[in-house]
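Novice: For reference, the structure I am asking about is given below.
What follows is the structure, encoded as structure tokens:
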């Protein structure tokens, strides 16, 4: 996990969902909407630090500027505030491409974000019953029966974008704003 000492403060964290869709309205007025690609998240954050912490920031950049993935806490939006208590598990093996995931009894709500144990992709619940959830985007990797679904303390696995401007003002207080894209595997 990309964790920094108290000498480096992470501020201005932003997350954006990129959902490529095609939309067209027919002559009869019917609207057709189709997903045209894979949904993913972009993040942006600012590292604020004093010159004494430059080595720590430079170490992070040296390790991750060439495409090495890092994980980052989603902070307050990754903290669960719903009614579910205890673990929720997948009740049957589910293949990539599926959107309906059979689960143990759950009270997860529409709009909440989840992750599976075997991969870090973030999914959003778009529909649910007491024993299944429908997610967006479609499942990226196979999930096994009895696999735990994470819904609290979520993280994002990301890769720094190649178009980052690594310019840092040199002074008593330094900062750098970085952009990254969810690492989808």
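In our numbering, the protein residues as written are 5 to 189.
Positions of the beta carbon are idealized from the N, C-alpha and C atoms, including for glycine.
Let's see if you can read the secondary structure: which residues bound the alpha helix (DSSP H) around residue 65?
Specialist: Here residue 65 refers to the residue found at position 61 when the chain shown is read from its first residue. Note, residue 65: alpha helix (DSSP H), 58-68.
Novice: Could you tell me if residue 134 is buried or exposed, where buried requires 16 or more neighbouring beta carbons within 10 angstroms of its beta carbon?
Specialist: Position 130 of the chain shown, counted from the first residue, corresponds to residue 134. Exposed, by the Cβ-count rule.
Novice: Measuring CB to CB, does residue 177 end up less than 8 Å from residue 54?
Specialist: Residue mapping note: residue 177 aligns to position 173 of the chain shown, counting from 1. Residue mapping note: residue 54 aligns to position 50 of the chain shown, counting from 1. Cβ distance < 8 Å, so residue 177 and residue 54 count as in contact.
Novice: Which whole-angstrom value describes the C-beta separation of residue 136 and residue 106, a residue pair presumed to lie in contact below a C-beta threshold of 8 Å?
Specialist: Here residue 136 refers to the residue found at position 132 when the chain shown is read from its first residue. Here residue 106 refers to the residue found at position 102 when the chain shown is read from its first residue. The pair is a contact, with the Cβ atoms about 5 Å apart (cut-off 8 Å).
Novice: Taking only runs that begin and end inside the stretch 33-115, name each unbroken beta strand (DSSP E) of 3 or more residues, in chain order.
Specialist: If we require 3 residues or more, the beta strand (DSSP E) runs fully inside the stretch 33-115 come out as 35-39, 44-53, 74-77, 104-106.
Novice: Whose C-beta lies closer than 7 Å to the C-beta of residue 123 among residues of the same chain, with five residues either side of it excluded?
Specialist: To locate residue 123, count along the chain shown from 1; it is residue 119. Contacts found: 144, 145, 189.
Novice: Going by DSSP, what residues sit across from residue 127 in a beta bridge?
Specialist: Against the chain shown, residue 127 aligns to sequence position 123. Residue 127 pairs with 118.
Novice: If you follow the beta strand (DSSP E) that residue 184 is in, where does it begin and where does it stop?
Specialist: The count along the chain shown starts at 1 and reaches residue 184 at position 180. Its beta strand (DSSP E) spans residues 178-186.
Novice: Just to confirm before moving on: does the CB-CB distance between residue 117 and residue 158 stay below 8 Å?
Specialist: Reading the chain shown from its first residue, position 113 is the one you call residue 117. Reading the chain shown from its first residue, position 154 is the one you call residue 158. Their beta carbons are under 8 Å apart, which means residue 117 touches residue 158 by this criterion.
Novice: Is the separation between the beta-carbon of residue 38 and that of residue 26 shorter than 8 Å?
Specialist: For this step, residue 38 is matched to residue 34 along the chain shown. For this step, residue 26 is matched to residue 22 along the chain shown. In this structure, residue 26 lies closer than 8 Å to residue 38 by Cβ.
Novice: Where residue 82 and residue 165 are concerned, what is the direct C-alpha to C-alpha distance, given to the nearest angstrom?
Specialist: For the purposes of this step, residue 82 is identified with residue 78 of the chain shown, where counting begins at 1. For the purposes of this step, residue 165 is identified with residue 161 of the chain shown, where counting begins at 1. Residue 82 and residue 165 have their alpha carbons spaced roughly 22 Å apart.
Novice: Using the Cβ count rule (16 or more neighbours within 10 Å means buried), how would you classify residue 97?
Specialist: Taking the chain shown and counting its residues from 1, the one referred to as residue 97 is at position 93. Residue 97 is exposed by the Cβ-count criterion.
Novice: Give me the residue from 162, 132, 128 with the minimum Cα distance to residue 154.
Specialist: For the purposes of this step, residue 154 is identified with residue 150 of the chain shown, where counting begins at 1. Nearest C-alpha to residue 154: 128.
Novice: Between residue 181 and the rest of its own chain, which residues show a CB-CB distance below 6 Å, the 5 nearest in sequence each way excluded?
Specialist: By one-based count along the chain shown, residue 181 stands at place 177. Excluding residues within five positions, the ones whose Cβ falls inside 6 Å are 50.
Novice: Mark residue 28 as exposed unless 16 or more other C-beta atoms lie within 10 angstroms of its C-beta, in which case mark it buried.
Specialist: The residue given as residue 28 occupies position 24 in the chain shown. Counting Cβ neighbours within 10 Å, residue 28 comes out exposed, since fewer than 16 surround it.
Novice: What does the alpha-carbon distance come out to for the pair residue 141 and residue 152?
Specialist: Locating residue 141 in the chain shown gives position 137, counting from the first residue. Locating residue 152 in the chain shown gives position 148, counting from the first residue. Going by the C-alpha atoms only, they are around 18 Å apart.
Novice: If you reduce the DSSP assignment to three classes, tell me which class residue 18 lands in.
Specialist: Along the chain shown, read from residue 1 onward, the residue named residue 18 stands at position 14. Reduced to three states, the DSSP call for residue 18 is strand.
Novice: Roughly how many whole angstroms lie between the Cα atoms of residue 48 and residue 94?
Specialist: In the chain shown, counting from the first residue as 1, residue 48 sits at position 44. In the chain shown, counting from the first residue as 1, residue 94 sits at position 90. Going from the Cα of residue 48 to the Cα of residue 94 covers about 32 Å.
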